[in-house]
Amino acid sequence: MDPSELLKRYAAGEKDFREVNVSGANLSNVDLSEINFFRAYLDEANLNHSNLNKANLSEAYLSEASLNKANLRDADLSKVDLSEAELQEACLSDAYMSEAYLGRADLFRADLGRADLFAANLGEANLSEAYLFGATLFRADLNRANLSKADLSVAYLSVAYFHKANLGEACLFRANLSETDFSSANLKDANLGEADLSNANLSGANLSGANLSGANLSGANLSGADLSGADLSQVDLRGFDLSGANLSRANLSDANLSVLQAFATNFEGAIFTGACVEDWKINNATNLKDIVCEYVYLKANAQDRLPHNPRLIFESGEFTQLFQQILEPVDFLFRDRPNWSAFAYSFKKLQDDDVARGLEVQKIEKKEGGAILVELGVPVDVDKERLQECFWHDYRMAENALHSKQLTPQENSRSRYEGQIDGLFDLLEHQEALQQIIAENYTMLDIPYASMPRG
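Numbering (UniProt numbering), first residue to last: 1 to 455.
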């Protein structure tokens with residue numbers, strides 16, 4: 001159809017132009033509000049500055065069309081083909097764009113506020129500085145798209161795909177990003193504060209300088225992510241494996257680092273004030289240089305503060321000195337309840353024989369079937385195979401010796417201590433208390449230490 005004829009008929013009140021072919025037509029700066037272009041051919045057409053408010057462009061062909069600064073507010077663009085189209089500064093707020101194809105489209109500074117882009121394809125599109133506040137992009141494909149400095153605040157992006165996308169300095173404050181794929185994406189200096197990143201894939205992502213304060217990262221994959229300079233204050237990282245990750249200069253204040261695995265992790269210059277480090281795992285390759293920390297908690301819910309005196313704070317370098325004494329875990333599995341007196345004896349003997357000076361009990365845990373797992377922390381340079389051999393040899397010798405003796409009045413006292421230790425299966429409340437109990441068990445053994453068989 002000739003563009004002039006279309007405009008003449010539209011001016012006369014006609015609005016139904018479904019399946020019309022005006023490819024390459026110049027329709028710029030015209031009012032086409034509420035027009036019906038269902039399945040129309042508008043590829044390579046010039047619609048710059050045109051008013052298409054509430055227009056029906058469902059399933060229309062607009063590949064390589066120009067719609068710069070066009071008004072598409074409330075328009076129906078479901079399943080439209082806008083591949084490689086130009087939509088710079090276009091208004092698409094509240095538009096319905098479900099399953100739309102916008103591959104390689106240019107949406108620089110476009111307004112997509114509250115737009116519905118369910119399952120839309122925006123692969124390699126330019127959305128730099130675009131406004132997507134409150135938009136729905138559930139299951140949308142944004143792989144390799146450019147969203148630098150885009151505003152995605154409060155947007156619904158669950159199960160969306162951002163593989164290798166550029167989100168540098170983007171704002172995703174309080175966005176729903178659950179199960180979203182950000183693998184190898186650039187999120188440098190992005191604002192992810194209070195965002196829901198549960199079960200998100202952030203493997204290999206660049207999160208340096210990103211704000212993740214208060215974000216939900218439960219179940220997220222952070223393997224290989226760069227978190228240097230990131231704000232992770234108040235974030236729950238309990239049980240995460242961040243081994244080998246870069247968290248230099250990261251803000252971990254008030255973060256939950258319980259059971260965090262951080263072997264060879266770089267924490268240089270990080271802020272730890274108020275963090276909970278209960279049962280965290282570090283090794284001699286973990287970098288704790290220049291840590292900034294006033295105090296930490298050894299138990300959840302702000303319990304067991306270090307320094308213990310609430311009026312004191314760590315001096316410069318004191319945190320590093322305290323935690324840099326690296327202990328690696330060695331597990332001992334008891335099929336039945338351990339004989340704690342025999343355990344105390346073999347534990348003390350290992351220390352006295354210099355097999356493992358600095359040995360500590362880190363955890364006692366009840367397993368299925370009634371088995372008991374005791375985890376000892378040992379210095380990294382200890383021969384762990386020899387440690388196991390010596391422990392089990394001395395444990396069995398002490399156990400046999402105790403079984404061969406008649407019950408004495410001391411037996412009741414020993415049972416009392418065993419009961420106390422049995423109550424610490426899931427997680428030790430105070431390691432110092434257990435060490436004291438072990439020492440008391442050892443001293444009450446009615447077996448001279450020197451007379452015991454040697455390993």
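For every residue, glycine included, the Cβ atom is placed at its ideal position computed from N, Cα and C. It should be emphasised that the depicted structure is a prediction, and the values quoted were computed from it without experimental measurement.
Exercise for review: Can you tell me which of the three DSSP states C293 falls into?
Suggested key: Working through the sequence shown from its first residue, we reach residue 293 at position 293. Here C293 sits in coil by DSSP.
Check your understanding: By the 10 Å Cβ neighbour count, where 16 or more other Cβ atoms means buried, how is residue 456 classified, buried or exposed?
Key -> A query on residue 456 cannot be resolved here, the shown segment of the chain reaching from 1 to 455 and no further.
Exercise for review: With hydrogens ignored, establish whether the beta-carbon of R114 is closer than 6 Å to any heavy atom of the ligand PLP.
Suggested key: The ligand PLP is not among the ligands present in this structure, which contains no ligands whatsoever.
**Study point:** Residue from S213, Q234, E19, L32 with nearest C-alpha to L7
**Key:** As a working mapping, residue 7 is identified with position 7 in the sequence shown. Ranking the options by Cα distance to L7, first place goes to L32.
Review point. Alpha carbon to alpha carbon, what distance is there between R114 and A95?
Key: Indexing the sequence shown from 1 puts residue 95 at position 95. Indexing the sequence shown from 1 puts residue 114 at position 114. Spanning the two alpha carbons is a distance of roughly 8 Å.
Point to revise | Neighbourhood of D43 by C-beta, 7 Å cutoff - its chain only, sequence neighbours within 5 removed | key: The count along the sequence shown starts at 1 and reaches residue 43 at position 43. S23, Y61, L62, S63, E64, A65, listed in sequence order.
Point to revise | Buried or exposed (CB count within 10 angstroms, at least 16 for buried), Q234 | key: Locating residue 234 in the sequence shown gives position 234, counting from the first residue. Under this definition Q234 is a buried residue.
Check your understanding: Buried or exposed: which applies to M397, given that a residue is buried once 16 or more other Cβ atoms fall within 10 Å of its Cβ?
Key -> Here residue 397 corresponds to residue number 397 of the sequence shown, with the count starting at 1. It is buried - the Cβ of M397 has at least 16 other Cβ atoms within 10 Å.
Review point. Taking the C-alpha atoms as reference points, what is the distance between G13 and K164?
Key: Reading the sequence shown from its first residue, position 13 is the one you call residue 13. Reading the sequence shown from its first residue, position 164 is the one you call residue 164. Going by the C-alpha atoms only, they are around 48 Å apart.
**Study point:** Whole runs of the alpha helix (DSSP H) within the segment 292-344, excluding any shorter than 4 residues
**Key:** 318-323
**Study point:** Residue closest to residue 456, alpha-carbon to alpha-carbon, out of N283, F314, D331, P310
**Key:** With the chain covering 1 to 455 only, the question about residue 456 has no answer from this structure.
Review point. Does the separation of the CB atoms of A75 and A55 fall below 7 Å?
Key: Position 75 of the sequence shown holds residue 75. Position 55 of the sequence shown holds residue 55. In contact: A75 and A55 (Cβ atoms closer than 7 Å).
Exercise for review: Might you give, ordered along the chain, the residues of its own chain that have their beta carbon closer than 8 Å to the beta carbon of A105, omitting 5 neighbours on each side?
Suggested key: As a position in the sequence shown, residue 105 is number 105, starting the count at 1. These residues qualify, in order along the chain: L82, S83, E84, A85, E86, L87, L122, A125, N126.
Review point. Whole-angstrom Cβ separation of N166 and N186, contact assumed at under 8 Å?
Key: Walking along the sequence shown from the start, residue 166 turns up at place 166. Walking along the sequence shown from the start, residue 186 turns up at place 186. Confirmed, about 5 Å.
Point to revise | Whole-number beta carbon distance between N21 and Y41, since they are thought to touch under 8 Å | key: In the sequence shown, counting from the first residue as 1, residue 41 sits at position 41. In the sequence shown, counting from the first residue as 1, residue 21 sits at position 21. So it is a contact: roughly 4 Å between Cβ atoms.
Review point. How many Å lie between A300 and D254 at the Cα?
Key: Counting from 1 along the sequence shown, the entry for residue 300 is found at position 300. Counting from 1 along the sequence shown, the entry for residue 254 is found at position 254. Between A300 and D254, the C-alpha separation is close to 11 Å.
Practice item. Would you grab the beta carbon distance between N287 and E268 for me? Rounded to a whole angstrom, and I think it's under 8 Å. Key: For the purposes of this step, residue 287 is identified with residue 287 of the sequence shown, where counting begins at 1. For the purposes of this step, residue 268 is identified with residue 268 of the sequence shown, where counting begins at 1. So it is a contact: roughly 5 Å between Cβ atoms.
Exercise for review: Within the same chain, show all residues whose beta-carbon is closer than 6 Å to that of K363, passing over the 5 residues directly before and after it, in chain order.
Suggested key: Within the sequence shown, the letter at position 363 stands for residue 363. So the qualifying residues of the chain are E375.
Point to revise | Coil, strand or helix - L373 by DSSP | key: Indexing the sequence shown from 1 puts residue 373 at position 373. Strand at L373.
Practice item. Could you tell me which of R174, Y131, F182 sits nearest to L142, measuring between CA atoms? Key: Here residue 142 refers to the residue found at position 142 when the sequence shown is read from its first residue. Nearest of R174, Y131, F182 to L142, Cα basis: F182.
Check your understanding: How many Å lie between N48 and C91 at the Cα?
Key -> Counting from one through the sequence shown, the residue named residue 48 turns up at place 48. Counting from one through the sequence shown, the residue named residue 91 turns up at place 91. In a straight line, the C-alpha of N48 is about 11 Å away from that of C91.
Practice item. Kindly indicate which three-state DSSP category G455 falls into: helix, strand or coil? Key: The sequence position of residue 455 within the sequence shown is 455, counting from 1. Caution is warranted here: a pLDDT of 32 is assigned to G455, below 50, making its placement in the model unreliable, and no coordinate value can be reported.
Review point. Do you know how far the Cα of S178 is from the Cα of L359?
Key: The residue given as residue 359 occupies position 359 in the sequence shown. The residue given as residue 178 occupies position 178 in the sequence shown. Each residue's alpha carbon lies about 42 Å from the other.
Exercise for review: Rank L147, S213, V382 by C-alpha distance to the C-alpha of L132 and give the top, closest one.
Suggested key: The residue given as residue 132 occupies position 132 in the sequence shown. Residue L147 is the option with its Cα nearest to L132.
Practice item. Identify which residue in A302, N266, L212 has its Cα closest to the Cα of residue 456. Key: Any property of residue 456 remains undetermined from this structure, which presents the chain solely from 1 to 455.
Point to revise | Residue range of the unbroken alpha helix (DSSP H) whose run includes K8 | key: As a first step, residue 8 is located in the sequence shown; it is residue number 8 there, counting from the start. Element bounds for K8: 3-11.
Check your understanding: My guess is that R174 and S153 are in contact by the Cβ rule of under 8 Å, so how many angstroms apart are they, rounded?
Key -> Counting from one through the sequence shown, the residue named residue 174 turns up at place 174. Counting from one through the sequence shown, the residue named residue 153 turns up at place 153. Right, their Cβ atoms sit about 6 Å apart.
Practice item. Using a threshold of 7 Å, state whether the C-beta atoms of A210 and L247 are closer than that. Key: Locating residue 210 in the sequence shown gives position 210, where the first residue counts as 1. Locating residue 247 in the sequence shown gives position 247, where the first residue counts as 1. For A210 and L247, no; Cβs fall outside 7 Å.
Review point. Sorted by chain position, which residues of the same chain lie with C-beta nearer than 7 Å to residue 468's C-beta, five sequence neighbours on each side aside?
Key: Absent from the model: residue 468. The displayed extent of the chain is 1 to 455, so no value can be given.
Exercise for review: Pull up the distance between the alpha-carbon of C171 and that of A275, whole angstroms please.
Suggested key: The sequence position of residue 171 within the sequence shown is 171, counting from 1. The sequence position of residue 275 within the sequence shown is 275, counting from 1. Spanning the two alpha carbons is a distance of roughly 26 Å.
Exercise for review: Report the three-state DSSP secondary structure of D352 (helix, strand or coil).
Suggested key: Within the sequence shown, residue 352 is the residue found at index 352, counting from 1. Looking at D352 - three-state DSSP - the assignment turns out to be helix.
Practice item. Can you give me the Cβ contacts of F263 inside the same chain, cut-off strictly under 6 Å, excluding the 5 residues immediately before and after it? Key: Looking up residue 263 in the sequence shown gives position 263. Closer than 6 Å at the Cβ level, and outside the excluded window around F263, lie S243, N283.
Exercise for review: For the alpha helix (DSSP H) holding Q362, just list the boundary residues, first then last.
Suggested key: The sequence position of residue 362 within the sequence shown is 362, counting from 1. Note, Q362: premise wrong, no alpha helix (DSSP H); beta strand (DSSP E) at 360-366.
Point to revise | Buried versus exposed, by CB contacts within 10 Å (16 or more), E169 | key: Here residue 169 refers to the residue found at position 169 when the sequence shown is read from its first residue. With 16 or more Cβ atoms within 10 Å of its Cβ, E169 is classed as buried.
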